[in-house]
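Everything below concerns the one structure shown next.
2 protein chains.
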Amino acid sequence: MTTINDIAKMANVSRTTVSRVLNNNGYVSESARKRVMQVVEETGYIPSVSAKSLRTKRSGVIGVILPKISTETASRVVGGINEVVSKEGFQILLTDTELHHEKEIEYIRLLQSRHVDGIILLATNVNDPLLHAIEEAKLPFISLGQELPGVTSIVYDDYHAAVDMTTMILQKGHKKIAYIGVGEEDPAVGVLRKKGFMDTMKKAGITVEENWCSYGDFSIESGYESMKQIINSNRENSPTAVFVVTDRMAIGAMEYLKEQGFRIPEDMAITGIGAAVMSKYITPSLTTIDYFNKDAGSKAAELLLEQLQGKNTRKKITQNYRLIKRDSV
Amino acid sequence: MTTINDIAKMANVSRTTVSRVLNNNGYVSESARKRVMQVVEETGYIPSVSAKSLRTKRSGVIGVILPKISTETASRVVGGINEVVSKEGFQILLTDTELHHEKEIEYIRLLQSRHVDGIILLATNVNDPLLHAIEEAKLPFISLGQELPGVTSIVYDDYHAAVDMTTMILQKGHKKIAYIGVGEEDPAVGVLRKKGFMDTMKKAGITVEENWCSYGDFSIESGYESMKQIINSNRENSPTAVFVVTDRMAIGAMEYLKEQGFRIPEDMAITGIGAAVMSKYITPSLTTIDYFNKDAGSKAAELLLEQLQGKNTRKKITQNYRLIKRDSV
DNA sequence: AATGGGTGTGTAATCGATTACACAAATGGA
DNA sequence: TCCATTTGTGTAATCGATTACACACCCATT
């Protein structure tokens, strides 16, 4: 491995000068600069980031903590993050909790030990140890998708999205609307979307029967099972529409409905949230809400970079959304 | 920031001993170990990976170079890689060429400067500068999806997959089979899959008309356009089936066919490759080939870890595949 | 009692960069 | 001509870990 010392020797300068050439700071004569560049080219010298980062306390790496990488939402977000940070010469250090909540904290500490310059977290839950770990890390930090008190958060407008969607279903004349959601550990998807739905129903003077609600775990299969359960436990008073909190679960639900010979939307209308690519190409195409995940990722990255430059921008940003009306309702 | 020196002082030992406790090597008395652990707990001390890596030349990070992160294949592969490496305490440093070939080389050098312990590359093309850069890097290296001479490669069996698929279409009685592919810069998808298709057709004594072939760029839209072109330029001698080299393009092609009132598979049969989730839920469900991307990622990671342990396993591994027969043909 | 190996701990060099500081030469304004 | 800047370069400390080496102690064996 060639080091800065080798370069210095070969170019007949001190390593100070080499460093100055490479980092473009301080005074360097044209002739010295040329000699150094020359040698660097010839040797294909690559500086050690470990050494640099040990000295400077900056690594040029930003850590990303995902609940699950192989997911459409996550990969879109990472795409958006990458687009922004790579332009500024940063790399992404990726960690994936595989849906184990406790790993979020573990990974924050791990990223910290790797001297990442900042962290973007896609949380799936909120709890005190987590907040404490973030506080401790003393690093630029962005939360995406969940609002974390005291942390710059980029959130989707889950509540109003759910309100709009529910309103739309009501406008279509439906009164008996079932609900397929996820557990309440997830404040965004589990709580806010449900609240948006429930509040709107209440406002319309409709009480949602307890057995019109069912809960899954984000998977297509769980959507299928939830739908099955709702249908089976409401043989004589069946809902005419179902509000599902994610596209994937909605797809699963549709699968069950189709199997059972329901016509969509005539016998049962259905809606999702998330604008998965699939939602457009499935038959019938799924009415859903686009959260612009990629933009959210980019936005998160931009805010993080701002924080890195010392601009203290602790704030909450609510991402906008778009209701995509299609054929399933 | 607390350092190893602080811990040493607080525990009344030398930093050597602290290091020994933390790395579990060398002799340490039970009492010293306890004192150190005690202090480590209390202070929440996190060792600096930069310093460690500067000294040891190992970073515990493996670099992954992707053509495009926000893609189902890529995110599945990364999921597989992550599952394996995270178990061994490694992290993933992610880079995304966004389909710019020249960035592959740039990123190899960049990862090198970051002292990654190894690299997994999902190449989309093969050329000499690339091979040279890999050679230069002198790092454990795995290529996934493309065979790179002299580099441990995990490849999908593109040729036989295409052969099997084509054979299957032929068995269904089709003779006029169109082809939607991608450019030949991509040896795996562009060349091998095409060769598998062409060879099989030839063997069956069928010549494929030039205007039954069309080429896209992996996107759904390009599949749509390719299909349109084939239909429009074959008004009086239309094919009865179309072999598409990726699921996404196949979905686009189906979209066009449906718009134009073709019944699938009665008027036109269609097949894809890749087993996108969507392929199962679209109507009609798409006959495709599962490449087990996640397993391929895991396998790549395992081979890389083997190489890291000095086992020189330079070889080529061909991943198996599975033909999924569904309703589109 | 002498010898030798197993234990336990510390000293100090080292990894490869950055940067504060010192110093010399060149430049320019009065 | 003289002094203050500006420009150019080098010396050496520093970042926070690992590890070769030295040393001391304890205990069992001869």
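Residue numbers (UniProt numbering), protein chains in the order written: chain X, 1 to 329; chain P, 1 to 329. Positions of the beta carbon are idealized from the N, C-alpha and C atoms, including for glycine. On a predicted model such as this, the values are computed, not experimentally measured, just so you know.
Closest residue to X:SER226 among X:GLU41, X:GLU209, X:ARG33, X:GLY252 (Cα-Cα distance): To locate residue 226 of chain X, count along the first sequence from 1; it is residue 226. Considering only alpha carbons, the answer is X:GLY252.
Quick test of your reading: X:SER113 and P:SER48, contact by CB under 8 Å. State the CB separation rounded to the nearest angstrom. Mapped onto the first sequence, residue 113 of chain X falls at position 113. Mapped onto the second sequence, residue 48 of chain P falls at position 48. That pair is a contact at about 7 Å.
Proximal chain X residues relative to P:LEU54, where beta-carbon distance stays under 8 Å: Indexing the second sequence from 1 puts residue 54 of chain P at position 54. Neighbours of P:LEU54 on chain X, chain order: SER48, SER50, ALA51, LEU54.
Which value, in whole angstroms, describes the spacing of the CA atoms of P:MET168 and P:LYS294? The residue you call residue 168 of chain P lines up with position 168 of the second sequence. The residue you call residue 294 of chain P lines up with position 294 of the second sequence. Going from the Cα of P:MET168 to the Cα of P:LYS294 covers about 26 Å.
Nearest to P:VAL84 by alpha carbon, out of P:ILE62, P:LEU99, P:LYS68, P:ASP96? Taking the first residue of the second sequence as position 1, residue 84 of chain P is located at position 84. Among P:ILE62, P:LEU99, P:LYS68, P:ASP96, the Cα nearest to that of P:VAL84 belongs to P:ILE62.
Could one say the Cβ of P:GLU136 lies closer than 8 Å to chain X's Cβ atoms, at least one of them? Taking the first residue of the second sequence as position 1, residue 136 of chain P is located at position 136. So, interface residue.
At what residue ranges does the region 30-110 of chain P contain a whole run of the alpha helix (DSSP H), taking only runs of 4 or more? 30-43, 49-56, 72-87
Measuring only the C-alpha atoms, how far is X:LEU64 from X:ILE142? Locating residue 64 of chain X in the first sequence gives position 64, counting from the first residue. Locating residue 142 of chain X in the first sequence gives position 142, counting from the first residue. Inspection of the sequence shows that residue 64 of chain X is occupied by Val rather than by Leu. Rounded to the nearest angstrom, the two C-alpha atoms are 10 Å apart.
Closer than 8 Å, CB to CB, is X:ILE92 near chain P or not? Counted from its first residue, the first sequence places residue 92 of chain X at position 92. Yes, X:ILE92 lies at the interface with chain P (some Cβ there is under 8 Å from its Cβ).
Segments of 4+ residues assigned as alpha helix (DSSP H) that fall wholly inside the region 223-305 of chain P: 247-259, 277-281
Using alpha carbons as the reference points, say which of P:SER285, P:PRO239, P:SER222 lies closest to P:TYR256. Taking the second sequence and counting its residues from 1, one reaches residue 256 of chain P at position 256. Of the candidates P:SER285, P:PRO239, P:SER222, the one whose C-alpha sits nearest the C-alpha of P:TYR256 is P:SER222.
According to DSSP, simplified to helix, strand and coil, what is P:ALA204? In the second sequence, the residue the question calls residue 204 of chain P occupies position 204. Here P:ALA204 sits in coil by DSSP.
Counting C-beta neighbours from all protein chains within 10 Å, is the total for X:GLU72 16 or more, i.e. buried, or is it exposed? Here residue 72 of chain X refers to the residue found at position 72 when the first sequence is read from its first residue. So X:GLU72 ends up on the buried side.
What are the boundary residues of the beta strand (DSSP E) that P:ARG20 is part of? Position 20 of the second sequence holds residue 20 of chain P. From DSSP, P:ARG20 is part of no beta strand (DSSP E) but of the alpha helix (DSSP H) over 15-23.
Contact set between X:MET108 and chain P, taken where Cβ atoms lie within less than 8 Å: Taking the first sequence and counting its residues from 1, the one referred to as residue 108 of chain X is at position 108. Correcting the residue identity first, residue 108 of chain X is Ile in this sequence and not Met. Residues of chain P passing the Cβ test: none, with the nearest at roughly 10 Å.
Is the beta carbon of X:LEU304 closer than 8 Å to that of X:GLY118? Along the first sequence, one-based indexing puts residue 118 of chain X at 118. Along the first sequence, one-based indexing puts residue 304 of chain X at 304. Cβ atoms of X:GLY118 and X:LEU304: closer than 8 Å.
Three Cβ pairs or more, each shorter than 8 Å: is that satisfied between the region 88-100 of chain P and the region 14-33 of chain P? With a cut-off of 8 Å, the region 14-33 of chain P and the region 88-100 of chain P do not count as touching, because too few Cβ pairs lie within range.
Give me the chain P residues within the contact set of X:THR95, using Cβ-Cβ distance strictly less than 9 Å, ordered along the chain. Sequence index remark: in the first sequence, residue 95 of chain X carries index 95 (1-based). Those are ASN82, SER86, GLN91, ILE92, listed as they occur along chain P.
If the cut-off is 8 Å on Cβ atoms, which residues from the region 267-286 of chain P count as contacting chain X, listed in chain order? VAL277, MET278, TYR281, ILE282, THR283
Which residue spans inside the region 124-204 of chain X form an unbroken beta strand (DSSP E) run of at least 3? 141-144, 152-156, 177-182
Between which two residues does the alpha helix (DSSP H) carrying X:LYS9 extend? As a working note, residue 9 of chain X is residue 9 in the first sequence. Secondary structure note for X:LYS9: its alpha helix (DSSP H) is the uninterrupted segment 4-11.
Would X:ILE81 pass as a contact of X:GLN319 if the rule is Cβ separation under 8 Å? Taking the first sequence and counting its residues from 1, the one referred to as residue 81 of chain X is at position 81. Taking the first sequence and counting its residues from 1, the one referred to as residue 319 of chain X is at position 319. The answer is no: Cβ separation not under 8 Å.
DSSP-derived helix/strand/coil call for residue 370 of chain X: Beyond the ends of chain X as shown, which are 1 and 329, falls residue 370 of chain X; an answer cannot be given.
Counting only beta-carbon separations shorter than 8 Å, does P:GLY44 have a partner in chain X? Start at 1 with the first residue of the second sequence, and residue 44 of chain P comes out as number 44. Chain X contact via Cβ: present.
Please confirm whether P:SER70 has its beta-carbon closer than 8 Å to some beta-carbon of chain X. Reading the second sequence from its first residue, position 70 is the one you call residue 70 of chain P. Taking Cβ atoms only, chain X reaches closer than 8 Å to P:SER70, which makes this a yes.
Going by C-alpha distance, which of P:TYR159, P:VAL151, P:ARG55, P:THR283 is nearest P:PHE262? Within the second sequence, numbered from 1, the residue matching residue 262 of chain P stands at position 262. Ranking the options by Cα distance to P:PHE262, first place goes to P:THR283.
Applying a beta-carbon distance threshold of less than 7 Å, which residues of chain P neighbour X:GLU302? As a working mapping, residue 302 of chain X is identified with position 302 in the first sequence. By Cβ distance, chain P contributes nothing, its closest Cβ being about 17 Å from X:GLU302, past 7 Å.
Are the region 195-204 of chain X and the region 225-240 of chain X touching, with three or more C-beta to C-beta distances below 8 Å? no
Please check if any C-beta of chain X sits within less than 8 Å of the C-beta of P:VAL78. Position 78 of the second sequence, counted from the start, is the residue given in the question as residue 78 of chain P. At least one chain X Cβ lies under 8 Å of P:VAL78.
Neighbouring residues, chain P, relative to X:SER113 (Cβ below 8 Å): As a first step, residue 113 of chain X must be located in the first sequence, where it is residue number 113. Result: ILE46, PRO47, SER48, VAL49.
If we define contact as Cβ-Cβ less than 8 Å, is P:SER75 a contact residue for chain X? As a working note, residue 75 of chain P is residue 75 in the second sequence. Yes - at least one Cβ of chain X is within 8 Å of the one on P:SER75.
If you compare alpha carbons, which of X:LYS316, X:GLN309, X:GLU136, X:SER285 is closest to X:ILE324? Locating residue 324 of chain X in the first sequence gives position 324, where the first residue counts as 1. For the residues X:LYS316, X:GLN309, X:GLU136, X:SER285, the minimum Cα distance to X:ILE324 belongs to X:SER285.
Below 8 Å CB to CB, which residues in the same chain sit around P:LEU192 once its five sequence neighbours on both sides are set aside? The residue you call residue 192 of chain P lines up with position 192 of the second sequence. Once the five neighbours on either side are set aside, the close Cβ partners of P:LEU192 are ASP158, TYR159, ALA162.
Contact check, P:ILE76 vs P:GLY216, beta carbons under 8 Å: For the purposes of this step, residue 76 of chain P is identified with residue 76 of the second sequence, where counting begins at 1. For the purposes of this step, residue 216 of chain P is identified with residue 216 of the second sequence, where counting begins at 1. Looking at the sequence provided, one finds Arg at residue 76 of chain P rather than Ile. No.
Under 8 Å, with one C-beta from each stretch per pair, do the region 133-141 of chain P and the region 259-279 of chain P reach the 3-pair mark? Result no; under three Cβ-Cβ pairs closer than 8 Å.
Against chain X, does P:SER59 count as a neighbour if the rule is that its beta carbon must be under 8 Å from one of theirs? As a position in the second sequence, residue 59 of chain P is number 59, starting the count at 1. With 8 Å as the cut-off, P:SER59 counts as an interface residue toward chain X.
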